[in-house]
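The structure appears below as structure tokens.
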Amino acid sequence: MGKSSLVNMIAGRDRPLARTSDSAVGTTFSSDPYHVDWPGGPPITLWDTAGLNESETGKVDPKKAISNIYELTRTLNGVDLLVFCLRGKITNNAVRNYNMFNSFCDGKVPIVLVVTGMEHRSPTDTQIWWKENSKAFDRAGIHVVDHACVATLKLPGREADYKTWTEMVRGMIERRCLPTPWTMESDNWFVMVVTKLLEALFDGPSERSKKLYKGLMMHGISRVDARRVVKEYEASLKMALESLYPEYQPISLASPLSLAELEANVSRIDAEIAQLQVERRQVYKNWRKSKASIAPITHLPIETIRQIFLECGGTATISKHYGKPLSPPMCLLRVCRSWHRIADSIEGLWTKIEVDGGSEEAQWMLRACLRRSGRLPLDITLDASIKYGEKKEVEVKAMALMLQHLHRWRNITIRWRGEDFNPKLIPEPVDPAVAPDMGHGTPVNEVAYHAPMLETLRLETNAIDDASQDLQTAKDLAVITANAPKLRVFTWETQKSYELDECLDLRLPWAQLVDLNLTCFMSVKQCVDILQECKRVEMCDFYLVRVESMPNLHVAVPTSLHNLQSLLINSLLPLESFFNSFTFPALHALHISNSPTEYEDDREFDMPEWSQASFLDLLQRSNAPLARLTFNVTMSENDLIECLTCVGGTLHSLAINSPDRVPFVSTATARILSHHVAGESVTCMCPKLDWVHLGSHVVMALAEDALVYLAESRWNDQGHLSHRQVCSPKLTELYWEVEQGVVPPGDIRKLAKLKKAGMPIRSSYHQDIFAS
Numbered sequence: 003m004g005k006s007s008l009v010n011m012i013a014g015r016d017r018p019l020a021r022t023s024d025s026a027v028g029t030t031f032s033s034d035p036y037h038v039d040w041p042g043g044p045p046i047t048l049w050d051t052a053g054l055n056e057s058e059t060g061k062v063d064p065k066k067a068i069s070n071i072y073e074l075t076r077t078l079n080g081v082d083l084l085v086f087c088l089r090g091k092i093t094n095n096a097v098r099n100y101n102m103f104n105s106f107c108d109g110k111v112p113i114v115l116v117v118t119g120m121e122h123r124s125p126t127d128t129q130i131w132w133k134e135n136s137k138a139f140d141r142a143g144i145h146v147v148d149h150a151c152v153a154t155l156k157l158p159g160r161e162a163d164y165k166t167w168t169e170m171v172r173g174m175i176e177r178r179c180l181p182t183p184w185t186m187e188s189d190n191w192f193v194m195v196v197t198k199l200l201e202a203l204f205d206g207p208s209e210r211s212k213k214l215y216k217g218l219m220m221h222g223i224s225r226v227d228a229r230r231v232v233k234e235y236e237a238s239l240k241m242a243l244e245s246l247y248p249e250y251q252p253i254s255l256a257s258p259l260s261l262a263e264l265e266a267n268v269s270r271i272d273a274e275i276a277q278l279q280v281e282r283r284q285v286y287k288n289w290r291k292s293k294a295s296i297a298p299i300t301h302l303p304i305e306t307i308r309q310i311f312l313e314c315g316g317t318a319t320i321s322k323h324y325g326k327p328l329s330p331p332m333c334l335l336r337v338c339r340s341w342h343r344i345a346d347s348i349e350g351l352w353t354k355i356e357v358d359g360g361s362e363e364a365q366w367m368l369r370a371c372l373r374r375s376g377r378l379p380l381d382i383t384l385d386a387s388i389k390y391g392e393k394k395e396v397e398v399k400a401m402a403l404m405l406q407h408l409h410r411w412r413n414i415t416i417r418w419r420g421e422d423f424n425p426k427l428i429p430e431p432v433d434p435a436v437a438p439d440m441g442h443g444t445p446v447n448e449v450a451y452h453a454p455m456l457e458t459l460r461l462e463t464n465a466i467d468d469a470s471q472d473l474q475t476a477k478d479l480a481v482i483t484a485n486a487p488k489l490r491v492f493t494w495e496t497q498k499s500y501e502l503d504e505c506l507d508l509r510l511p512w513a514q515l516v517d518l519n520l521t522c523f524m525s526v527k528q529c530v531d532i533l534q535e536c537k538r539v540e541m542c543d544f545y546l547v548r549v550e551s552m553p554n555l556h557v558a559v560p561t562s563l564h565n566l567q568s569l570l571i572n573s574l575l576p577l578e579s580f581f582n583s584f585t586f587p588a589l590h591a592l593h594i595s596n597s598p599t600e601y602e603d604d605r606e607f608d609m610p611e612w613s614q615a616s617f618l619d620l621l622q623r624s625n626a627p628l629a630r631l632t633f634n635v636t637m638s639e640n641d642l643i644e645c646l647t648c649v650g651g652t653l654h655s656l657a658i659n660s661p662d663r664v665p666f667v668s669t670a671t672a673r674i675l676s677h678h679v680a681g682e683s684v685t686c687m688c689p690k691l692d693w694v695h696l697g698s699h700v701v702m703a704l705a706e707d708a709l710v711y712l713a714e715s716r717w718n719d720q721g722h723l724s725h726r727q728v729c730s731p732k733l734t735e736l737y738w739e740v741e742q743g744v745v746p747p748g749d750i751r752k753l754a755k756l757k758k759a760g761m762p763i764r765s766s767y768h769q770d771i772f773a774s
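The sequence shown begins at 3 in the working numbering and counts up one residue at a time.
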């Protein structure tokens, strides 16, 4: 336990008084006196006394222990202070030692605690260690009047710490010693200590009585006195039992049959106890391994550990009932108290949060993460899945909790799948007395709706058949984004199952956006008005252009959006005015669709006429390096070929679909998309094309070898080509969804061979066409 090193520390001698080697062991209550006269302190005698399980065998010999007690109680003239020495860890054996140690003086002498083994801590850290672990000593029943947490070994470079610890122990001893030593008549003292020792060693009263009787007889106590002491001891046990269990009645002699059953039960319980002991040893072994594996990092400087935690930190993921304890940063709280304290103090670990706000537990964890993040910007993803008619108080509280930190929002995603209401996006008025510090001396309610750090806002709402919910949400968005100078990315996806007669009143800081995605009911005119304000936009999606409006067909000067690289527009209305209104010189990806959503499949729609002339003018006017083109419109094959003629030189990806399920792609298109070789001359309208997707109900019956020639001419595997390929570097995918009978059987067999040889070609329409 480090007692010998402690003796040497208190003595302060250059030459040690006590042995400190691992072989310095003895039997229980074996004692060695050391006379110490330290500078400035009174002369004292230190008795280094062995406790339970400190022998070489790790077991207690009752006879030797009783002999040691007999000698010690006749040698000591009194006791001023008991110093209980413990090496950090509280074990069952340590608790038994404390109880026996306390009873040595009948609980009338103060006990102080010296915790050793603090070599890896500074004197200041040892005080912190005691604050964190003192309650564990109280729970274990180890109550002391004072304590000192020290390292008793002299280590190179730690001389100042060793001196501080020495003064700490000496000062504690001077303060806590009794002014007059406690004494007791030696025979009575001997009997009391032996009784307490046997209680610690043996469970059964009968076994204790036998050992007590023999021990007293061995050391000069008369037979009469020994019997009297044993009877008094057994009587005290009976009185204690009756006081604890008033209903207790002595058990009458059982019949032979019931006695046999009792013996069987005892054997069974003994076997279960043995199994539990085996399992306990295994658990302890695993715990030691786990502790050893994390020991190296716990000895690193705190700043180094903080940096490691920041590098490894992930997203605090909070499910409905529990967080994800094995993922960072949650796992850092569960390893040890030291890691918990460090992780809890690192604000940067708790700024990325994913939360499912469906339980009180999740709210509590969200609140904890928000507290730990301090004043740093927040990246939060909130999922709220609420079925129609379900209780919604928990999710509303989670949203309200987020709104309290609106001024710290940075990258926010809200997936609100409530089917009968949308989330409230406006914070409640703030009480200045409990409001968070907004800084700059500004009154809190003047900045209640400010989002000065907001960069990304993605919102998904799902209110069914209630347009008023989206109308209110549009108003809320206008308020919170009006004071969001850093907002660059905005997405709003609404429910697609209802219809609106008028557009949502969308008012956002369009001029500062670079990524815009609106999946809400809009008109063509509204799309034009918004996009004309988006001078910096790079990506733009308008997915639900459904509301009728009066378009402006005559535009004097089209607006040029020099930064727009990707555009998606899904409209069931003519797009002529849209095409006439813009020039896109940097456009890289274009997706145009007349396709109904899954909620609109059962409705009657008149497919809009394709504005071919306006679209061609847009392509020619823009002269953009268009690489990806997707058509899902009611166009003709001649329209398609004209478009490919205009932009085919830059295309890498082409997808063609038919929203009205009327096929329009024939052999002519297949020929246009193929490489044509005549001697050394190679011609191709789309030389860079390496990804082709022909959708369902697009392809008409093809001539023999048309599709095979398209595929084979674009594949760069020289082992399967009869000519030199110079256009496309590779074919990454050729994919078509066609009905059976469209592709000639001979082509299917040839394509199947090419696919087997490694060509990236696949088909699908109810089933893989090659499987047939």
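Ideal Cβ positions, reconstructed from N, Cα and C, are used throughout, including at glycine.
Enclosing alpha helix (DSSP H) for residue i [first to last residue]
i      : result
HIS342 : 339 to 347
ILE571 : Premise fails: ILE571 lies in the beta strand (DSSP E), 568 to 573, not in any alpha helix (DSSP H).
ARG369 : 362 to 374
THR493 : Premise fails: THR493 lies in the beta strand (DSSP E), 491 to 495, not in any alpha helix (DSSP H).
ASP531 : 526 to 535
ASP163 : 161 to 178
PHE617 : 614 to 624
ARG751 : 747 to 758
THR647 : 639 to 649
GLU578 : 578 to 582
Collapsed DSSP secondary structure at residue i in the structure displayed
i      : result
ALA485 : It should be pointed out that residue 485 corresponds to Asn in this sequence rather than to Ala. Of the three classes helix, strand and coil, the one that applies to ASN485 here is coil, per DSSP.
SER765 : strand
ASN267 : helix
ASN424 : coil
ASN519 : strand
ASP127 : helix
HIS409 : helix
ASP108 : coil
LEU74  : helix
MET609 : coil
CYS333 : helix
LEU302 : coil
LEU155 : coil
ILE113 : strand
Counterpart residues of residue i in DSSP-defined beta bridges
i      : result
ALA318 : ILE355
ALA386 : TRP418
GLU739 : None; GLU739 has no bridge partner.
THR1   : Residue 1 lies beyond the range of the chain shown here (3 to 774); nothing can be said about it.
MET120 : DSSP lists no partner for MET120.
CYS542 : LEU518, LEU569
SER655 : ARG630, TRP693
VAL547 : MET524, SER573
Where the beta strand (DSSP E) through residue i begins and ends
i      : result
ASN634 : 630 to 634
SER676 : Counting along the chain, SER676 falls outside any beta strand (DSSP E), and DSSP gives it neither H nor E.
ALA713 : Unbroken run through ALA713 is the alpha helix (DSSP H), 708 to 715; no beta strand (DSSP E).
VAL9   : VAL9 -> not in any beta strand (DSSP E); alpha helix (DSSP H) instead, spanning 5 to 13.
ALA591 : 591 to 595
THR458 : 458 to 462
LEU84  : 84 to 88
CB-CB length for residue i against residue j, believed under 8 Å
i      : j      : result
LEU155 : CYS87  : With 8 Å as the limit, LEU155 and CYS87 do not qualify as a contact, their Cβ atoms being about 14 Å apart.
ALA153 : TRP167 : 6 Å
ILE674 : LEU646 : 6 Å
THR496 : ASP517 : At roughly 18 Å, the Cβ-Cβ gap does not stay under 8 Å, so THR496 and ASP517 are not in contact.
ARG98  : THR118 : Not confirmed; about 19 Å, so no contact.
Quiz item: If you pair each beta-carbon of the segment 76 to 86 with each one of the segment 172 to 187, do three or more pairs fall below 8 Å?
Solution: Touching, yes, given that three or more Cβ pairs across the two stretches are closer than 8 Å.
Quiz item: Are the segment 535 to 552 and the segment 476 to 488 in contact at 8 Å, needing three or more beta carbon pairs?
Solution: no
Quiz item: Below 8 Å, can you find three or more Cβ-Cβ pairs linking the segment 447 to 466 to the segment 409 to 426?
Solution: yes
Quiz item: Counting pairs of beta carbons, one from the segment 667 to 676 and one from the segment 624 to 635, are three or more of them closer than 8 Å?
Solution: no
Quiz item: Are three or more beta carbon pairs between the segment 612 to 619 and the segment 651 to 658 nearer than 8 Å?
Solution: Taking 8 Å as the limit for Cβ pairs, the verdict is that the segment 651 to 658 does not touch the segment 612 to 619.
Quiz item: Would you call the segment 335 to 346 and the segment 393 to 409 touching, i.e. three or more CB-CB distances under 8 Å?
Solution: no
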